[in-house]
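*Asks:*
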Amino acid sequence: MAFKASGGVPNNPAYPAVVARRVLDGTPTPNDVETLLVSNGWRGTWVWRVFDYHHFHPDAFEVLAIATGGATLMLGGPQGKIVDVTAGDVLLLPPGVGHKQCAQDADFRIVGAYPPGQEAYSTVRGDEGYDDATIEQIACVPVPETDPVRGGAGAMLAALKGGR
Numbered sequence: 001m002a003f004k005a006s007g008g009v010p011n012n013p014a015y016p017a018v019v020a021r022r023v024l025d026g027t028p029t030p031n032d033v034e035t036l037l038v039s040n041g042w043r044g045t046w047v048w049r050v051f052d053y054h055h056f057h058p059d060a061f062e063v064l065a066i067a068t069g070g071a072t073l074m075l076g077g078p079q080g081k082i083v084d085v086t087a088g089d090v091l092l093l094p095p096g097v098g099h100k101q102c103a104q105d106a107d108f109r110i111v112g113a114y115p116p117g118q119e120a121y122s123t124v125r126g127d128e129g130y131d132d133a134t135i136e137q138i139a140c141v142p143v144p145e146t147d148p149v150r151g152g153a154g155a156m157l158a159a160l161k162g163g164r
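Here the UniProt record's numbering is used: the first residue of the sequence shown is 1, the next is one more, and so on.
(1) For Ala20 and Pro78, what's the separation of their Cα atoms in angstroms?
(2) Short check: CB of Val149 to CB of Leu36, under 8 Å?
(3) Shortest alpha-carbon distance to Pro28 belongs to which of Asp147, Ile110, Glu128 and Asp52?
(4) Should Ala87 go down as buried or exposed, given a rule of 16 or more other Cβ atoms within 10 Å for buried?
(5) So, is Ala103 buried or exposed, given that buried needs 16 or more other C-beta atoms within 10 angstroms?
(6) Cα separation between Gly129 and Arg22?
(7) Could you give the first and the last residue of the continuous beta strand (DSSP E) run that contains Asp52?
(8) List the DSSP bridge partners of Ile82.
(9) Check the C-beta distance from residue 203 over to Gly44 and give it rounded, since I have them as a contact under 8 Å.
Here it is, written out as structure tokens:
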């Protein structure tokens, strides 16, 4: 999914957001998902939910893997797209792509992680806006070297690079 700038969210002109449905095998726990992501070279894992306001990371790619439950997210800022996600779905968000949680099931748990060297990311709220320096920062973030789910040059990484 490619997005144009929207309401204080720059999005990413070079790479699309990738949404992969039911790619996590079986019924993994959040700990299982963390272990998978780390085994594929991703770092800085956390388990929680997505903020309920539009935000983006100008200095990192982010993987969001739904471990349990489901939620409604908005990707791409205020004029973006509503996406319903459920356990087993995985999102790969390029730097600058806005995201926000609109609703969640009681048991919703998501695992986030980042490529090596990007785990000390910053978070910018959509209502803070951005400037030319932010756009330059987004353009300089290196593409992940490994697919978060399958490792190596897996399908999610291929979809990301194919969207250029």
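C-beta atoms are modelled at their ideal positions from N, C-alpha and C, and glycine is treated no differently.
*Replies:* Walking through what the data contain:
(1) The straight-line gap from Cα to Cα measures roughly 22 Å.
(2) For the 8 Å CB-CB criterion, Val149 and Leu36 form a contact.
(3) When only C-alpha atoms are compared, the closest one is Ile110.
(4) Under this definition Ala87 is a buried residue.
(5) Under this definition Ala103 is an exposed residue.
(6) The straight-line gap separating the alpha-carbon atoms of Gly129 and Arg22 is approximately 34 Å.
(7) Premise fails: Asp52 is in no beta strand (DSSP E) and is neither H nor E.
(8) In the DSSP output, where bridge partners are listed per residue, Ile82 has Met74.
(9) The chain is shown only over 1 to 164; residue 203 falls outside these bounds and no answer can be derived.
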